[in-house]
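S.K.: Residue numbers (the working numbering), protein chains in the order written: chain A, 1 to 271; chain B, 1001 to 1021. Positions of the beta carbon are idealized from the N, C-alpha and C atoms, including for glycine. Just dropping this structure here.
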Amino acid sequence: TQLADQKTLARQIYDAYLKNFSMNKAKARTILTGKTSTPPFVIHDMETLQLAEQTLVAKMVGSAGALKDREVEVRIFHCCQCTSVETVTELTEFAKSVPGFSSLDLNDQVTLLKYGVYEAIFAMLASCMNKDGLLVAYGSGFITREFLKSLRRPVSDMMEPKFQFAMKFNALELDDSDLALFVAAIICCGDRPGLVNVTHIEEMQENIVHVLQLHLLANHPDDTFLFPKLLQKLADLRELVTEHAQLVQEIKKTEDTSLHPLLQEIYRDMY
Amino acid sequence: LKEKHKILHQLLQNSTSPVDL
Chain A
1 TQLADQKTLA
11 RQIYDAYLKN
21 FSMNKAKART
31 ILTGKTSTPP
41 FVIHDMETLQ
51 LAEQTLVAKM
61 VGSAGALKDR
71 EVEVRIFHCC
81 QCTSVETVTE
91 LTEFAKSVPG
101 FSSLDLNDQV
111 TLLKYGVYEA
121 IFAMLASCMN
131 KDGLLVAYGS
141 GFITREFLKS
151 LRRPVSDMME
161 PKFQFAMKFN
171 ALELDDSDLA
181 LFVAAIICCG
191 DRPGLVNVTH
201 IEEMQENIVH
211 VLQLHLLANH
221 PDDTFLFPKL
231 LQKLADLREL
241 VTEHAQLVQE
251 IKKTEDTSLH
261 PLLQEIYRDM
271 Y
Chain B
1001 LKEKHKILHQ
1011 LLQNSTSPVD
1021 L
């Protein structure tokens, strides 16, 4: 019975992941390996970026028409924010589908999302990355790592640490069924600051982490150390988010640009 | 906490499209 329950939980979480995220690793890898009929539009300089802005991300940029005449760094930062807001929305729906999450104290649900969403975003972003760049605009565009690096500081410093994390993370060769449980484990984390019902969340977390361990053993029988390696990634993600939060504050100041209200809520008093 | 995180709170209570945010 216990094994059946564990398999059911893994399945429920995987189904919620497939249902709620518009992009996943399988889709991203199909595009990145050139197995789609139309390859993504490659953004590698100012000219290709402008073309992409007029077509692929017209909606995003259009929503802030005032940005039209702003510098490229500010426009890219704005696009990153739009994508983050959308993923936070998807993550919230995903979290609600994780058994037990919705019955938690509402304050604790807020806390878990506040601290978990960016770790989850960077874990999932790796699916859209290879060593040369990143899929954007639902996979219709590909922005090169070199172009992002060529931008003015501090915006140029924003993506490189995520690429470095992604290359190591992608080497673990997780699939979407593994990632679904990993993202659930990130969100249901008992040591976030300010949690009220720690015991309840720790129980949920233990359950999910145990299911993740069993799932990895079955799904990757040749990699016996995958589970401890993934636990280490949880710590790496926390560090990545701390650095990112500091950088965002710097960008906000130096670029005199605004932050989406949802992201403001998340970053405020975070670390 | 809920007061300081109105949008997150709202997302948790209903399905809100990011377009509406």
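Using the C-alpha atoms, what's the distance from Pro221 of chain A back to Phe227 of chain A?
M.R.: Taking the first sequence and counting its residues from 1, one reaches residue 227 of chain A at position 227. Taking the first sequence and counting its residues from 1, one reaches residue 221 of chain A at position 221. Computed Cα separation, rounded: 11 Å.
S.K.: Please go through the same chain and pick out, in chain order, the residues whose beta-carbon is closer than 7 Å to the beta-carbon of Ser84 of chain A, but skip the five residues on each side of it.
M.R.: Position 84 of the first sequence, counted from the start, is the residue given in the question as residue 84 of chain A. Cβ neighbours of Ser84 of chain A beyond the five flanking positions: Ile121, Leu263.
S.K.: Would you say the beta carbon of Ser97 of chain A comes nearer than 6 Å to a heavy atom of the ligand SAM?
M.R.: Only the bare structure without any ligand can be found here, which leaves the ligand SAM out of the picture.
S.K.: Which word fits Val196 of chain A, buried or exposed, when buried means at least 16 other C-beta atoms lie within 10 angstroms of its C-beta?
M.R.: One-based indexing of the first sequence puts residue 196 of chain A at position 196. That one is exposed.
S.K.: Please classify Lys1006 of chain B as buried or exposed, where buried requires at least 16 other C-beta atoms within 10 Å of its C-beta.
M.R.: On the second sequence, residue 1006 of chain B is found 6 positions in, with the first residue counted as 1. Result: exposed.
S.K.: Please go through the same chain and pick out, in chain order, the residues whose beta-carbon is closer than 7 Å to the beta-carbon of Asp1020 of chain B, but skip the five residues on each side of it.
M.R.: As a working note, residue 1020 of chain B is residue 20 in the second sequence. Residue placement at Asp1020 of chain B cannot be trusted, given a pLDDT of 48 that sits under 50; the coordinates are not used to answer.
S.K.: What does Thr92 of chain A reach in chain B if we use C-beta pairs closer than 7 Å?
M.R.: Locating residue 92 of chain A in the first sequence gives position 92, counting from the first residue. Going along chain B in sequence order, the residues near Thr92 of chain A (Cβ under 7 Å) are Leu1011, Leu1012.
S.K.: So that I know if they touch, is there some Cβ in chain B lying closer than 7 Å to that of Asn20 of chain A?
M.R.: As a position in the first sequence, residue 20 of chain A is number 20, starting the count at 1. So no, Asn20 of chain A is outside the interface.
S.K.: Between the beta-carbon of Gly133 of chain A and the beta-carbon of Arg145 of chain A, is there less than 7 Å?
M.R.: Here residue 133 of chain A refers to the residue found at position 133 when the first sequence is read from its first residue. Here residue 145 of chain A refers to the residue found at position 145 when the first sequence is read from its first residue. Result yes, Cβ atoms of Gly133 of chain A and Arg145 of chain A sit closer than 7 Å.
S.K.: From Met124 of chain A to Leu113 of chain A, what does the alpha carbon distance come to, in whole angstroms?
M.R.: By 1-based counting over the first sequence, the position of residue 124 of chain A is 124. By 1-based counting over the first sequence, the position of residue 113 of chain A is 113. So the two alpha carbons sit approximately 15 Å from each other.
S.K.: Do you know how far the Cα of Asp176 of chain A is from the Cα of Ala166 of chain A?
M.R.: For the purposes of this step, residue 166 of chain A is taken as residue 166 along the first sequence, with counting starting at 1. For the purposes of this step, residue 176 of chain A is taken as residue 176 along the first sequence, with counting starting at 1. Taking the straight line from one Cα to the other gives about 15 Å.
S.K.: CA-CA distance, Lys25 of chain A and Cys128 of chain A?
M.R.: Position 25 of the first sequence holds residue 25 of chain A. Position 128 of the first sequence holds residue 128 of chain A. Taking the straight line joining both Cα atoms gives about 7 Å.
S.K.: Enumerate in chain order the residues of its own chain whose CB-to-CB distance from Arg75 of chain A is below 6 Å, with the five nearest sequence positions on each side excluded.
M.R.: The count along the first sequence starts at 1 and reaches residue 75 of chain A at position 75. So the qualifying residues of the chain are Leu67.
S.K.: Looking at chain B, which residues of the segment 165-195 of chain A have a Cβ within less than 9 Å of any of its Cβ atoms?
M.R.: So the close ones are Gly194.
S.K.: Does chain B have any CB closer than 7 Å to the CB of Lys107 of chain A?
M.R.: By one-based count along the first sequence, residue 107 of chain A stands at place 107. Looking at the sequence provided, one finds Asn at residue 107 of chain A rather than Lys. With 7 Å as the cut-off, Asn107 of chain A counts as an interface residue toward chain B.
S.K.: Am I right that Lys1002 of chain B and Leu106 of chain A are in contact with their C-beta atoms under 8 Å? What's the rounded C-beta distance?
M.R.: The residue you call residue 1002 of chain B lines up with position 2 of the second sequence. The residue you call residue 106 of chain A lines up with position 106 of the first sequence. Between Leu106 of chain A and Lys1002 of chain B the Cβ distance is about 6 Å, and since that is below 8 Å, they are a contact.
S.K.: Please list the terminal residues of the continuous beta strand (DSSP E) segment that includes Leu135 of chain A.
M.R.: The residue you call residue 135 of chain A lines up with position 135 of the first sequence. Start and end: 133-136.
S.K.: Can you confirm whether Phe101 of chain A, when its beta carbon is compared against all beta carbons of chain B, has any partner nearer than 7 Å?
M.R.: Here residue 101 of chain A refers to the residue found at position 101 of the first sequence. Chain B contact via Cβ: absent.
S.K.: Around the Cβ of His210 of chain A, are there at least 16 other Cβ atoms within 10 angstroms (buried) or fewer (exposed)?
M.R.: To locate residue 210 of chain A, count along the first sequence from 1; it is residue 210. So His210 of chain A counts as exposed.
S.K.: The beta strand (DSSP E) spanning Phe41 of chain A covers which residue range?
M.R.: In the first sequence, residue 41 of chain A corresponds to position 41, counting from 1. Where Phe41 of chain A is concerned, the enclosing beta strand (DSSP E) stretches over 41-43.
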